[in-house]
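Count along the sequence shown starting at 1, add 1, and that's the number in my numbering.
See below for the structure under consideration.
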Amino acid sequence: RQWRLSVAQLPQLTASSLFAPSVMRYDFDREAVLEQVKEQQLQMEEAAKRVQADPFEVAESDLDLLDLELVFRAAKYGQGLLAYLKYGSKHKKLLEAVKGVHYIRSERAYFFPTPALADFLRVLKTKKVKFGVEAKAGSQLKRSAALRAAILKAQKKPTGHELLETFLTPYIDCLPEDEGGRRFKLYAWTTQQLRICFPDIKSFSEKKAKASAMDWEQLLKLLYQVQKSDTKVWLTAEVQDLLQARSADSLAKIIKAEEEGFDDELLALNRPPACWCCGPDGSGGLLVERNFYATLKAQLPRKIVKQAKCIKHPQFWECEFLAWPDSKLMDVFESLRTLAPPRSRAFAELLADLKERRLLLERRAYFQGLRDSRPQLTNLELEAKLFPHQRVAVSWLLETKRAFLGDDMGLGKTLSVLAAFDELKSRGEVEFLLVVCPNSLVRSWLREAGQWLPGQWFGMLPEEKAPRQRELARLNRFGIATLCGLVVNYETFRLEYVFPELQKLCKDRKTLLCLDESQRVKNPQSRSFQALREVATVCPRRVLLSGTPTPKDLSDIWAQISILDDGRRFGRNYFHWLERVAELGNKWSEFAVKRFIPEQVEETISRVHELLLRRRKEDVIDLPEKVFSIRDVELKGDQKKLYDEVRSGLLRRISATDGHEFIKEIDSILEEYLRAVQVASNPRLINPEWSGDPAKFVELDEIVREIVGEREGKIVVWTNYILNVTDLVARYKTYGAAGFYGEVKAEKRSELIADFQSQRSGSIKVLVAVPAAGGVGITLTAAQTAVYLDKTWNAEHWMQSVDRVHRIGQQGTVNIISLNASKVDELIHW
């Protein structure tokens with residue numbers, strides 16, 4: 002057994018009782034050991050004095066003795082200067098903040114750009130960080146200081162040997178000229194630098210081969226690519242001379258470029274006074290040399306200058322970059338045609354994309370304002386049964402391969418999709434419909450398909466795992482010639498043995514993928530999103546349906562649009578997009594949204610509108626009005642006493658919490674608010690032993706008696722708690738009450754809704770439902786009154802559940818009654 006000890010611990014150990022008979026005993030002279038310890042301590046003190054006097058040239062023996070935070074050494078194979086950080090050091094972020102620094106795993110050290118060394122060492126001294134420069138590296142740095150300064154100030158054009166001597170790496174030098182023309186090679190690179198230089202090449206061996214021999218075009222692409230990053234690539238005198246000789250030729254190519262634009266990499270060699278190009282974030286703008294900026298600004302109309310955002314382009318630090326939002330860039334470009342600045346190829350592609358986007362927005366605006374349409378369906382009988390706004394939706398879906406139908410709840414989005422699918426199928430453009438929806442809507446889709454498309458077979462997967470696997474295998478093995486559509490719930494779809502089989506199924510046939518209630522996949526880190534994004538790649542046509550696309554905030558839209566357009570509009574990385582549209586970061590999360598940036602929000606909405614058709618009910622159909630009312634219920638007796646106890650506890654907690662702690666614990670605090678809601682709703686929710694009639698139940702008795710008992714109408718009661726459902730169903734059993742919540746099986750739900758909607762005597766008169774289960778996809782127009790016994794913070798559940806009653810088929814005025822019995826009820830309602 003070897004014991005690792007510090008110098009300070011060794012004298013204590015030799016005198017301690019650790020060396021008991023149970024431990025292997027070592028024979029040594031205690032006095033001799035202590036003498037050696039003292040000698041080592043003395044050596045360490047002397048080494049520390051030497052490092053303190055001159056940390057820029059430390060002997061290897063001193064580095065072995067001292068435990069320094071940071072040590073600089075020359076790389077073994079001439080790749081430059083390496084920084085070795087002490088394991089667990091708190092100064093890691095300080096080192097990584099330097100531009101160009103990156104970790105080299107094979108060396109267990111960081112590549113450090115030598116030009117930044119002097120400033121960084123001053124920072125280390127200021128922060129009293131113990132560091133040292135190994136003697137060989139320090140000696141070389143001092144010896145080459147004058148040469149390095151001359152190279153940095155462009156007073157000296159270096160050779161490859163001089164660049165290695167001054168630790169200025171990586172660098173490019175010329176290879177001997179051959180029949181293929183002039184070739185160039187990248188020397189002294191690290192893996193990270195190679196990755197930056199050749200981002201389009203995936204294979205490391207291919208990157209390495211490319212770095213070993215580049216032609217002119219490849220060299221210019223490399224230089225242009227490097228300018229976008231924090232990496233610096235140095236050039237030998239011969240390369241600089243050759244590039245300078247070609248500079249005038251490149252400028253002539255830029256100026257003479259036609260409408261398709263000049264190659265962007267030519268900007269790495271030379272730049273005109275002004276040209277159109279793209280910024281590092283892909284935005285378009287005018288790149289202007291600084292000495293020409295004032296002249297150009299005077300020629301530009303004031304309105305255009307005011308709309309521009311003048312930024313320092315990180316790739317061209319000696320220029321100004323006038324950037325305009327995409328929504329205004331086309332107009333700005335057209336108004337500056339007389340100045341005729343040349344445009345880069347990337348900008349020309351952006352311009353073509355903007356023209357296409359403008360056409361999409363114009364087409365969307367046309368359909369948005371359309372009151373009726375004649376899609377000329379093959380199925381004339383079905384077309385005649387559609388409402389005017391549904392015919393507009395069908396026309397939109399037929400023309401739009403990637404569509405987002407965001408009509409209000411109750412406008413018949415399901416039928417619009419089925420009609421569009423039927424027409425596309427008759428044209429031969431699609432063969433199969435895959436619908437992914439909440440579990441509560443699976444049978445609704447099958448029922449609608451059976452009603453409107455009776456000649457086509459739509460199926461669903463079995464509920465049990467083994468039969469489900471057999472069915473998927475059967476469909477993939479024997480084909481699905483007779484199956485026209487499949488309806489799958491989100492929970493089943495995301496299973497690892499389900500979505501790969503569905504992907505194979507869709508790949509073999511032209512598939513229309515439809516996501517109903519698409520806000521269910523708003524989380525880009527969820528398994529549902531990952532699975533859907535994979536399957537969507539093999540579906541040429543896609544449509545999303547949601548009456549509430551952004552139930553929380555703008556960030557909810559990214560995942561939905563990404564599935565629809567494969568990341569074309571907002572990119573493939575959610576966090577990169579979020580950094581662009583919002584200010585992020587707080588004490589607990591670097592991705593917490595502080596605020597959304599207004600101009601980016603406007604841009605995002607514009608991009609979504611290219612795909613989104615969204616109509617309000619009041620704009621397209623004549624529905625009876627909704628009347629919202631509040632009934633204040635007074636708590637009494639034991640219920641009020643229990644509520645006061647919960648309220649006092651909540652008040653004490655909030656009063657004792659400072660602002661930072663409040664933000665940190667906001668979720669749990671909001672949950673505690675709901676305890677007050679539960680007591681106000683039904684004290685048995687938190688105390689099963691409580692007996693008596695809750696005040697809201699007594700108030701509800703009067704409403705039910707009036708609506709059902711006297712008027713013989715029907716009523717929907719919404720509550721978020723299953724215990725309330727069971728209590729109220731038992732309370733109103735004489736009225737034929739029924740409960741609707743998550744534990745009710747899908748087939749039973751369909752029977753309940755059909756019974757409630759029927760006009761026969763003895764049908765269900767009182768439906769007690771949970772918004773999370775009954776808030777989407779069902780129709781409850783048999784009732785004209787909905788009562789909310791309680792609410793949660795979820796606005797989506799509230800909005801969706803209201804529109805179960807107020808939708809197509811409703812004949813009378815809809816009364817929405819909220820029962821408020823506490824300040825928390827009022828707060829949530831507000």
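Every residue, glycine too, gets a C-beta built ideally from N, C-alpha and C.
Values in this document were obtained by computation on a predicted structure and should not be read as measured data.
Here THR786 carries a strand assignment [DSSP, helix/strand/coil]. The region 62-70 and the region 35-51 touch, with three or more beta-carbon pairs separated by less than 8 Å. When the alpha-carbon of ARG372 is set against those of SER396, GLU357 and LEU820, the nearest one is in SER396. ILE716 is positioned such that its CB atom lies closer than 8 Å to that of VAL767. Relative to LEU790, the option among SER590, LYS697, SER284 and THR415 whose CA is nearest is LYS697. Excluding residues up to 5 positions away in sequence, PHE185 lie with their Cβ nearer than 6 Å to the Cβ of LEU220 in the same chain. For GLU163, the number of other beta carbons within 10 angstroms of its own is at least 16, and it is reported as buried. When secondary structure is reduced to three states using DSSP, ILE754 falls in the helix class. A Cβ-Cβ separation of about 11 Å leaves CYS278 out of contact with ASP264 under the 8 Å criterion. Taking a contact as a CB-CB distance under 8 Å, the pair ARG403 and ASP566 counts as one, their CB atoms being some 6 Å apart. When DSSP states are grouped into helix, strand and coil, THR727 belongs to the helix group. Under the three-state reduction of DSSP output, ARG272 falls in the coil class, being neither helix nor strand. The straight-line gap separating the alpha-carbon atoms of SER764 and ILE779 is approximately 17 Å.
Boundaries of the beta strand (DSSP E) harbouring TRP458: 458-461, taken from the DSSP string. Rounded to whole angstroms, ILE564 and PHE530 show a C-alpha spacing of 8 Å. Fully contained in the region 545-615 are the following alpha helix (DSSP H) runs of length 4 or more, in chain order: 558-566, 575-582 and 599-610. Comparing alpha carbon positions, the residue from ASP201, GLU690, LEU337 and LYS627 closest to ILE818 is LYS627. Excluding residues up to 5 positions away in sequence, PHE494, ARG495 and PHE500 lie with their Cβ nearer than 7 Å to the Cβ of ALA532 in the same chain.
Inclusion of LEU412 and HIS390 in the CB contact set at 8 Å is warranted, their separation being smaller than that value. With respect to the 8 Å criterion, PHE168 and GLY81 are classified as neighbours on the basis of their beta carbons.
Under DSSP, TYR111 forms a beta bridge with ALA84 and TYR104. Beyond the five residues adjoining it in sequence on each side, SER751 comes within less than 6 Å, by CB distance, of ARG444 in the same chain, given in chain order. Taking a contact as a CB-CB distance under 8 Å, the pair PRO281 and GLN226 does not count as one, their CB atoms being some 12 Å apart.
Inter-residue distance for LYS414 and ALA110 is about 59 Å (C-alpha atoms, whole angstroms).
Around the beta-carbon of TRP559, 16 or more other beta-carbon atoms lie within 10 Å, marking it buried.
Annotation for VAL769: the continuous beta strand (DSSP E) segment containing it runs 767-770. Annotated as proximal: GLU424 and PRO376, with beta-carbon spacing under 8 Å. By the C-beta criterion, the region 362-369 is judged not to be in contact with the region 285-301, since fewer than 3 inter-stretch pairs fall below 8 Å.
For ILE173, the uninterrupted beta strand (DSSP E) segment begins and ends at 172-175. Every beta strand (DSSP E) stretch that sits fully inside the region 104-166 and reaches 3 residues is listed by chain position as 110-113 and 132-134.
Shown here for LEU148: same chain residues with a beta carbon closer than 8 Å to its own, the five before and five after excluded, namely LYS157, PRO159, GLU163, GLU166 and THR167 in chain order. The beta carbons of VAL72 and GLU32 sit about 35 Å from each other, so the pair does not count as a contact at 8 Å.
Counting along the chain, TRP190 sits inside no alpha helix (DSSP H), nor does DSSP assign it H or E at all. Beyond the five residues adjoining it in sequence on each side, ALA537 comes within less than 7 Å, by CB distance, of LEU514, ARG543 and ILE564 in the same chain, given in chain order. If you look at LYS310, you'll find it in the beta strand (DSSP E) that goes 310-313. Nearest Cα to LEU546 within the set LYS91, PRO625, SER417 and TRP799: SER417.
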